[in-house]
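Participant:
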Amino acid sequence: MTDYLNDSADQEFSKTRRKKEMIALQELGEELLQLSNDRLKQMSLPENLLEALREYKRIPSHGARNRQEQYIGKLMRDIDPEPIRQQLAVIRGESAEHTGWLHLLERWRERLMSDDKMLASFIADYPESDAQYLRTLIRNARKEQQDNKPPKSFRLLFQALKEIIPEPGKPTGQQTEEHEE
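Under the working numbering, the first residue of the sequence shown carries the number 26, and numbering increases by one thereafter.
1. Which one of Arg92, Glu107, Thr41 and Met47 has the shortest CA to CA distance from leucine 70?
2. Distance check for valine 115 and leucine 186, CA to CA, integer angstroms please.
3. Given 8 Å as the limit, is there contact between the stretch 80 to 93 and the stretch 126 to 133, that is, 3 or more CB pairs closer than that?
4. Quick check: what's the CA-CA separation for leucine 60 versus isoleucine 189?
5. Between methionine 138 and arginine 167, which are expected to be in contact by the criterion C-beta below 8 Å, what is the C-beta distance as a whole number of angstroms?
6. Could you check the C-alpha separation between glutamine 112 and aspartate 140 for me, to the nearest Å?
7. How many Å lie between isoleucine 163 and methionine 101 at the Cα?
8. Could you tell me the alpha carbon to alpha carbon distance between isoleucine 148 and lysine 66, rounded to whole angstroms?
Put into structure tokens, the structure is as follows:
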């Protein structure tokens with residue numbers, strides 16, 4: 026009798042767990058639906074899932090959209106969702122590496138703004154950087170702060186640092202190509 030109860034409890038848990046996983050996959054699919062077609066192309070999605078996502082955007086009827094969402098959830102069951110979650114996290118800027126990289130850029134900007142000697146240290150760490158351009162941005166950003174003007178050069182300094190310091194997990198060549206677009 027106890028074996029029967031244990032088996033029943035295992036099946037209940039298993040069914041509940043499967044249902045939660047299916048709902049999570051459907052929610053992941055709904056999150057994919059929020060992305061533009063260009064973003065979807067950039068992601069490494071199976072062709073049938075990509076086509077289902079595109080089809081959803083063409084459907085005007087509410088009921089048909091619900092059915093298509095469920096179909097997308099069904100397609101999601103056949104693939105590994107983890108790479109998709111990671112790509113979405115990067116798109117949202119939530120990856121730990123990406124956040125750490127942004128903090129590194131902020132720290133360098135603050136150091137460069139606070140001390141003239143830090144520019145020499147930065148150039149030693151990143152010799153490919155344009156020292157004269159950075160010096161100009163730093164000087165202009167300091168002047169903007171003193172005069173309580175909008176932080177145009179302050180932002181430009183951050184953008185320059187983004188170009189110089191490579192983002193972890195991204196090849197350096199790819200980063201410059203994306204920036205040119």
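Backbone N, C-alpha and C fix where the C-beta goes; we use that ideal spot for every residue, glycine too.
Facilitator: Let me lay it out:
1. Glu107
2. 19 Å
3. no
4. 29 Å
5. 7 Å
6. 37 Å
7. 49 Å
8. 38 Å
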